[in-house]
Amino acid sequence: MQRLLSRTGCRLLLKGQNRYLATIPVEDVLFPTKSDFPSRHIGPRKTDVVAMLDTLGYKSLAELTEKAVPQNIQLKRDLNLDKPLNEHELIRRIRDISLKNQLWRSYIGMGYHNCHVPHTIVRNMFENPGWTTQYTPYQPEIAQGRLESLLNYQTLVSELTGLDVANASLLDEGTAAAEAMCLATRHNRRKKLYLSNRVHPQTLSVVQTRAEALELEIIVGPIEKADLRSRELSGILLQYPDTYGDVKDFEDIAALAKKNGTLVVVATDLLSLTLLRPPAEFGADIAIGTSQRLGVPLGYGGPHAGFFACKQSLVRLMPGRMIGVTRDMDGNDAYRLALQTREQHIRRDKATSNICTAQALLANMSAMYAIYHGPEGLKAIANRIHHFTLTLQTGLLQAGHEVINKNFFDTLHVRLDTDKLTLEDLKERAEHKRINLRYLTENGGSVGVALDETVSVLDVNDLLWVFKTETTVEGLLARKDVLKNSIENSKFLRTSPYLQHPIFHSYHSESRMVRYLKKLENKDISLVHSMIPLGSCTMKLNSTTEMMPCSFRHFTDIHPFAPVEQAQGFHQMFNELEQDLCEITGYDKISFQPNSGAQGEYAGLRAIRSYHEHRNEGHRNICLIPISAHGTNPASAQMAGMKVEPIRILSNGSIDMAHLKDKAEEHASQLSCLMITYPSTMGVFEETVADICTLIHKHGGQVYLDGANMNAQVGLCRPGDYGSDVSHLNLHKTFCIPHGGGGPGMGPIGVKAHLAPYLPGHPVISPLSSEEHSFGVVSAAPFGSSAILPISWSYIKLMGSRGLKRATQVAILNANYMSKRLEQHYKTLYKAPNSQLVAHEFILDIRDLKKSANIEAVDVAKRLMDYGFHAPTMSWPVAGTLMIEPTESEDKEELDRFCDAMISIREEIAEIEAGRMDKAVNPLKMSPHTQAQVISDKWNRPYTREQAAFPAIFVKPDAKIWPTVGRIDDAYGDKHLVCTCPPILPDL
Numbered sequence: 001m002q003r004l005l006s007r008t009g010c011r012l013l014l015k016g017q018n019r020y021l022a023t024i025p026v027e028d029v030l031f032p033t034k035s036d037f038p039s040r041h042i043g044p045r046k047t048d049v050v051a052m053l054d055t056l057g058y059k060s061l062a063e064l065t066e067k068a069v070p071q072n073i074q075l076k077r078d079l080n081l082d083k084p085l086n087e088h089e090l091i092r093r094i095r096d097i098s099l100k101n102q103l104w105r106s107y108i109g110m111g112y113h114n115c116h117v118p119h120t121i122v123r124n125m126f127e128n129p130g131w132t133t134q135y136t137p138y139q140p141e142i143a144q145g146r147l148e149s150l151l152n153y154q155t156l157v158s159e160l161t162g163l164d165v166a167n168a169s170l171l172d173e174g175t176a177a178a179e180a181m182c183l184a185t186r187h188n189r190r191k192k193l194y195l196s197n198r199v200h201p202q203t204l205s206v207v208q209t210r211a212e213a214l215e216l217e218i219i220v221g222p223i224e225k226a227d228l229r230s231r232e233l234s235g236i237l238l239q240y241p242d243t244y245g246d247v248k249d250f251e252d253i254a255a256l257a258k259k260n261g262t263l264v265v266v267a268t269d270l271l272s273l274t275l276l277r278p279p280a281e282f283g284a285d286i287a288i289g290t291s292q293r294l295g296v297p298l299g300y301g302g303p304h305a306g307f308f309a310c311k312q313s314l315v316r317l318m319p320g321r322m323i324g325v326t327r328d329m330d331g332n333d334a335y336r337l338a339l340q341t342r343e344q345h346i347r348r349d350k351a352t353s354n355i356c357t358a359q360a361l362l363a364n365m366s367a368m369y370a371i372y373h374g375p376e377g378l379k380a381i382a383n384r385i386h387h388f389t390l391t392l393q394t395g396l397l398q399a400g401h402e403v404i405n406k407n408f409f410d411t412l413h414v415r416l417d418t419d420k421l422t423l424e425d426l427k428e429r430a431e432h433k434r435i436n437l438r439y440l441t442e443n444g445g446s447v448g449v450a451l452d453e454t455v456s457v458l459d460v461n462d463l464l465w466v467f468k469t470e471t472t473v474e475g476l477l478a479r480k481d482v483l484k485n486s487i488e489n490s491k492f493l494r495t496s497p498y499l500q501h502p503i504f505h506s507y508h509s510e511s512r513m514v515r516y517l518k519k520l521e522n523k524d525i526s527l528v529h530s531m532i533p534l535g536s537c538t539m540k541l542n543s544t545t546e547m548m549p550c551s552f553r554h555f556t557d558i559h560p561f562a563p564v565e566q567a568q569g570f571h572q573m574f575n576e577l578e579q580d581l582c583e584i585t586g587y588d589k590i591s592f593q594p595n596s597g598a599q600g601e602y603a604g605l606r607a608i609r610s611y612h613e614h615r616n617e618g619h620r621n622i623c624l625i626p627i628s629a630h631g632t633n634p635a636s637a638q639m640a641g642m643k644v645e646p647i648r649i650l651s652n653g654s655i656d657m658a659h660l661k662d663k664a665e666e667h668a669s670q671l672s673c674l675m676i677t678y679p680s681t682m683g684v685f686e687e688t689v690a691d692i693c694t695l696i697h698k699h700g701g702q703v704y705l706d707g708a709n710m711n712a713q714v715g716l717c718r719p720g721d722y723g724s725d726v727s728h729l730n731l732h733k734t735f736c737i738p739h740g741g742g743g744p745g746m747g748p749i750g751v752k753a754h755l756a757p758y759l760p761g762h763p764v765i766s767p768l769s770s771e772e773h774s775f776g777v778v779s780a781a782p783f784g785s786s787a788i789l790p791i792s793w794s795y796i797k798l799m800g801s802r803g804l805k806r807a808t809q810v811a812i813l814n815a816n817y818m819s820k821r822l823e824q825h826y827k828t829l830y831k832a833p834n835s836q837l838v839a840h841e842f843i844l845d846i847r848d849l850k851k852s853a854n855i856e857a858v859d860v861a862k863r864l865m866d867y868g869f870h871a872p873t874m875s876w877p878v879a880g881t882l883m884i885e886p887t888e889s890e891d892k893e894e895l896d897r898f899c900d901a902m903i904s905i906r907e908e909i910a911e912i913e914a915g916r917m918d919k920a921v922n923p924l925k926m927s928p929h930t931q932a933q934v935i936s937d938k939w940n941r942p943y944t945r946e947q948a949a950f951p952a953i954f955v956k957p958d959a960k961i962w963p964t965v966g967r968i969d970d971a972y973g974d975k976h977l978v979c980t981c982p983p984i985l986p987d988l
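Each residue of the sequence shown is one higher than the one before, counting from 1 in the UniProt record's numbering.
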């Protein structure tokens, strides 16, 4: 090809075969910018790609993916995305966008408070891939570090609330409240709930939305007017302190409710409970809230960990994940996820909760915040906030304003002396000082002021000036009555002890804290050690450049209810990310509110239901779901008020089209939607997906396409083009947000234009141009976990159209290469009938080994730990199998290393089959092997220590990853449920 440089228009013209091929700006030729991020993100080198393609019998990635992806859904053009940025350009751009956010001082409260995140936690946990890149701790032997940390979190929540047990976090305060009220209805089988009108408005909205789909009756009003003698109420929801800052005595209310079988749910503030009497002591059955102010940035709404604590009698109804103490095979204490039988893929539409709704990383940050400060430190922080609030109250009263709430912790509800200061004048003075207050127009123009840990004397003096108070903190401290209304002088004072375990007394110096964090980190396998080949979970690179903006102060320090004009950087990012995701998926509109994949499913289904209702077809409530679908699908459909009809699959794993047609016709008048996963959960591109969408539309239904497997579609096909109406997008999978040890996640939904009016709204800051047809609210914050969206925005901007397409092609290549390498040793359960290819993941069938060698999938999973690997997804979607997804980020050397480990394990199984190893005592059944076991002088196993600990040539002493406990005894843990640290008094 001959290159001709044309001065005309300063463009480079590429000429070949007498026709121009492309034009490039001349400056790009003279001053080329190296944009090599795709080569950093994608693991295999070009020579490796050639070798892997040769193994499969293909000449190019294009030929491979042309064969793998059905012709009738292929995207025959490049994605229309911005020219990719290099990593330094990206940081400059995102920093400039962040600076469009204005950092005002926000005293809005409503469950969100600024705080000082200890730098040692920021650097050693929040910014540390050794803490952010692990998966949910389903393999506890190599997850003991974060399991211990989450047990600390549960202990923190349990002891501050005074309740018996707590879970390992939920998504936020609003969803925790919704889960609590649903638990109440399951507990006593009643269908009516009473919510105090002094609960935070976003929490009320989330509960109301959830209840509507389940046909529960909601009453909102003053709690004093609730008919607590009625035996129709399943539960009541109180706020303590309430949304206006009031601390009220609920003991008589709780007693009357409980007398009549009504559960008492209390939304509360953990920091306040270092001073205030805990909810359990005045009769609460359940306490919920957010632990955000315990060491987690505001982040314009998230991610933050919601908490949930309850009485022991309710523990088996408690939603989400719970960490339990059990023992390993040697009798040593160990941690694991307890009561896992509640998982939705086991109970499907009968599931009572969704185990995917957790915020593990943020719960761990709050746990470490509490450990670093200890009970005395937490109480000192709380007292400082409370004393500043008392000082502000004194000044406001002195100025003639009325403080409506007489008992408070950190929030004042103020009615202005309008002769001295009008509401308009107050707003003007606050804007002059760049201060945000809560303006309560529904209460006759009153104002809310919520103080926090970051407040200084200067801040309070500025607030006094804003309220036209002619005094200062220094002047007020001369008065003897400043602290007269203190909690210490009230009946609300807490007298019971809390956080007595040594863990909360042992790590108050930074040296000890850093070592503790590193000790726990070293017990876990994460992506810094090796690939995590979990099928359907997409454990890919979370690059440093993508993660950096999450620590930018102009992203972390903004209150979610700050005026929109102060968050223009966030909104520019939202708009650009929405535009890119719409181009990638073929949808027309994106809602960022759902802050997990499961929440995205729920939101998408509610949008479909609202669409039908608006068309006077509210009777459409049947949801067709193939039995191969993701386990969250039936649970989400049930939560959305739909009736699930399962669809059979064929022996090759594809949907039984004849059965689908029969069901669609049978329920045509009631058909709401079909939920389908694509590529299928079995790991193949089904040829009939477009026909399936057409069939559902023919019968008046909508198509919900589970977007968990978008990593096989980006740049190759678009769900919105081949017939899907709505999808959720797991940004923590395809778009590089890290899993954080089991959360955070983001599950925004993309919809076609006809569903856009029905997306989630919000009672405080509307994410929609109009909420006339919105079905309601799914998350406490209007834009979900906004603070982690820069990660996905950055990934797309760094990769560009060609980079994203190549990433998808290599993900498909890697999966097919591994399947090919292993085919002589294990059977890949499902392949596309025509191409004999898999998509981006594949399933290995282990079931025959049970009969031949007494070996099950769990044995292979545990043995992989000895080789330094996390197991693939175990026994899902098919019992007795392993599902492997390598992603595009793993290079050929790592893929080969994993395949070598699997082949070596198969050779060990062959030794059992041949009778040369015992069926009960062998390296698989006894795995994983700990260092303590291997160096013990009591080694009595019929195989060598070397075979146990160093089973392959690449497992070397200098890089050995040792499980810190032996195989976990799950049965013992379920029978002896212990979910908090034992209350041992410290030896100080």
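Glycine included, C-beta positions come from ideal geometry on N, C-alpha and C.
8 angstroms contact criterion, which residue i and residue j should meet: CB distance rounded
i: L534; j: T873; result: 5 angstroms
i: V206; j: A226; result: About 20 angstroms; that fails the 8 angstroms criterion.
i: V466; j: R429; result: 5 angstroms
i: M675; j: C623; result: 6 angstroms
i: S927; j: D974; result: Actually they do not touch by this definition, with Cβ atoms about 22 angstroms apart.
i: L193; j: M181; result: 5 angstroms
Residue j beta carbon less than 8 angstroms from that of residue i
i: L317; j: L183; result: yes
i: V69; j: F685; result: yes
i: I627; j: V644; result: no
i: G868; j: V955; result: yes
i: residue 990; j: R105; result: For residue 990 there is no data in the structure shown, the boundaries of the chain being 1 and 988.
i: C717; j: Q71; result: no
i: A166; j: F307; result: yes
i: Y817; j: T55; result: yes
i: F552; j: R95; result: yes
i: Q154; j: T980; result: yes
Residues bridged to residue i (per DSSP)
i: M675; result: Y704
i: V403; result: V414
i: L493; result: L276
i: E217; result: K192
i: D845; result: K827 and T881
i: K518; result: Per DSSP, none; premise fails for K518.
i: K643; result: I622
i: R438; result: G448
i: I812; result: Partner(s): none; I812 has no beta bridge.
Reference residue i; option with closest CA among the options
i: I288; options: G400, L238 and K752; result: L238
i: V934; options: T964, I953, I905 and D96; result: T964
i: G743; options: Y135, P44 and G130; result: Y135
i: G162; options: M513, E148, T274 and E613; result: T274
i: L426; options: T469, L397, T411 and E442; result: T469
i: E224; options: R231, A254, A211 and I218; result: A254
Would the region 746–755 count as touching the region 598–611 if we require 3 or more Cβ pairs under 8 angstroms?
Touching, yes, given that three or more Cβ pairs across the two stretches are closer than 8 angstroms.
Segment contact, 8 angstroms Cβ cut-off, at least three pairs: the region 687–697 with the region 52–59:
In short, these stretches do not touch, since the Cβ pair count stays below three.
Could you check whether the region 669–684 touches the region 701–709, counting it as contact only if at least three pairs of C-beta atoms, one from each stretch, sit closer than 8 angstroms?
In short, these stretches touch, since the Cβ pair count reaches three.
Pairs of beta-carbons, one from the region 81–93 and one from the region 721–728, closer than 8 angstroms: are there three or more?
Contact between the region 81–93 and the region 721–728 is not established, with fewer than three Cβ pairs separated by less than 8 angstroms.
Is there contact between the region 558–577 and the region 900–910, where contact requires at least three CB pairs shorter than 8 angstroms?
Flag = no, the region 558–577 and the region 900–910 do not touch.
Using 8 angstroms as the Cβ pair cut-off and three pairs as the minimum, do the region 814–824 and the region 570–582 touch?
At 8 angstroms Cβ cutoff, the stretches do not touch.
Can you find at least 3 beta carbon pairs, one from the region 783–798 and one from the region 292–312, that sit closer than 8 angstroms?
Segments in contact, yes.
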